[in-house]
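All remarks here apply to the structure that follows.
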Amino acid sequence: MASILGALALLPLVSALPQATNVVGPPPRPWVTVDSHGVGVTMVPEVVIANGATTTHNAPPASLLATATHTISPSGRASTYTGLAPVQTATGPDDAGAFLACTDYQSSIAPFCQPRDGTIMYPGQNYYINWQPSNFADQSTLVEVQMTYDAGSGLTSSVSLPVAIGFDTWRIPSDFLTKLGVNRLNATFWLVLDDLETPAQTDIKTLRGPSVWFVNEEPPRNVGTGGKGSSPVVVAVPVVVALVVLGLLGFCFWRWKRTGVVPLFGKKSAGGYGERQSRAQRVGEGAAPPVIVGDDKRGVGIQLTDRDSWSPTAGRNVFREEVQRQERER
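In terms of the numbering used here, the sequence shown opens at residue 12 and continues consecutively.
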């Protein structure tokens, strides 16, 4: 009985100890990291919970999981879809980069996974052509990636690879379309298998892959939901324009309040209609009086006289005389 009571007393201590790590799922898809020499290593993510915190080990880069709207042309007519990128490119001038591993992929282009059928590709880019190795019984079988176009013309990868590698880095020369004299070209990828156990040429097998389009255009910059939002330039330009317009309107209103003239609609006219004047200017307050020189009372300015002094010049009607003179000259 004493041993049982002792065991029960230890239960709170056991529950207080750190719990063992538990693996939960499903984890993200496996992915392949490629170095500058084209050597790939498959990374298998693992989601674990330790002390209530969830952590993913060997997680793929966010760019591989980001969804966006992409344009493809599987039947020669452009269409769009929202999802993962139809093909992955290297991140630099060499083979270095990453892509999602091909697992249990079933489609009309199997054993290929990427590029997708109808993918639009651009000369001068480094692309990863990948396939599903588990579709082949013998993982040591050598394969070559080929691309055909224009009634049989084509390109072949530089080396044969064991099918177990699952990918090849493919680069189309920048002047590829220029040398052909076209701006757009439809091409098809193939896997060519060679059975090493038989030397005969009849054991070569070809597997048709995706049909893609090469175009001489600037690659589009898709903004995916996995990113951090729109480009800063796209956001900043409208904001700056709006601030400039508001500032200009504010300046025009300030000038109108002070001078009565909007700067954008011409210069202020001297004494023109609508000119804003102070009360002192309107009634003549504060104006300098005429300067009187000596006793002749002549000076600069306008001298007022009594209304009773207004009379025709020496009994003459000057206006009538001028009209009569003009009539005589006709």
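Backbone N, C-alpha and C fix where the C-beta goes; we use that ideal spot for every residue, glycine too.
Treat the numbers as computed from the prediction; the structure is a model and nothing was measured.
Query	Result
Cα-Cα separation, Ile-183 to Thr-44	21 Å
Separation of Gly-51 from Thr-102, as counted between CA atoms	14 Å
The region 118 to 130 / the region 196 to 207 touching (three or more Cβ pairs under 8 Å)	yes
Every unbroken beta strand (DSSP E) within the region 124 to 200, with a cutoff of 3 residues, ordered by chain	137 to 142, 153 to 160, 164 to 167, 178 to 182
Test item: CB-CB of Tyr-92 and Phe-110 under 8 Å	no
Three-way DSSP call (helix, strand, coil) for Ala-73 in this model	helix
Glu-228 in three-state terms, based on DSSP	coil
Own chain residues within Cβ distance below 6 Å of Val-156, not counting five before or after	Ile-140, Ser-168, Asp-179
Pair within 8 Å by beta-carbon distance, Gly-94 and Thr-114	no
Whether Pro-41 touches Thr-67 by CB criterion (8 Å)	no
Cα-Cα separation, Phe-147 to Met-132	28 Å
Contact set for Gln-150: own chain, Cβ-Cβ below 8 Å, skip 5 residues either direction	Pro-144, Pro-173, Val-174, Ala-175
Residue closest to Thr-53, alpha-carbon to alpha-carbon, out of Ser-90, Gly-108, Cys-263	Gly-108
Close Cβ partners of Ser-185 (< 6 Å) along its chain, the five nearest in sequence each way excluded	Pro-134, Gly-135
Extent of the continuous beta strand (DSSP E) to which Ala-101 belongs	It is not in any beta strand (DSSP E) - Ala-101 carries neither H nor E in the DSSP assignment.
Nearest to Glu-57 (by Cα), restricted to the options Ala-64, Ala-70, Asp-46, Ser-47	Ala-70
Through-space distance from His-48 to Arg-88, alpha-carbon basis	37 Å
Coil, strand or helix - Arg-219 by DSSP	strand
Nearest candidate by alpha-carbon position, reference Ala-112, set Pro-85, Pro-72, Ile-83, Asn-137	Pro-72
Gly-129 and Ser-171 closer than 8 Å at C-beta	no
Simplified DSSP state of Asp-106, which is helix, strand or coil	coil
Inter-residue CB distance, Asn-137 and Asp-106 (contact presumed, cutoff 8 Å)	6 Å
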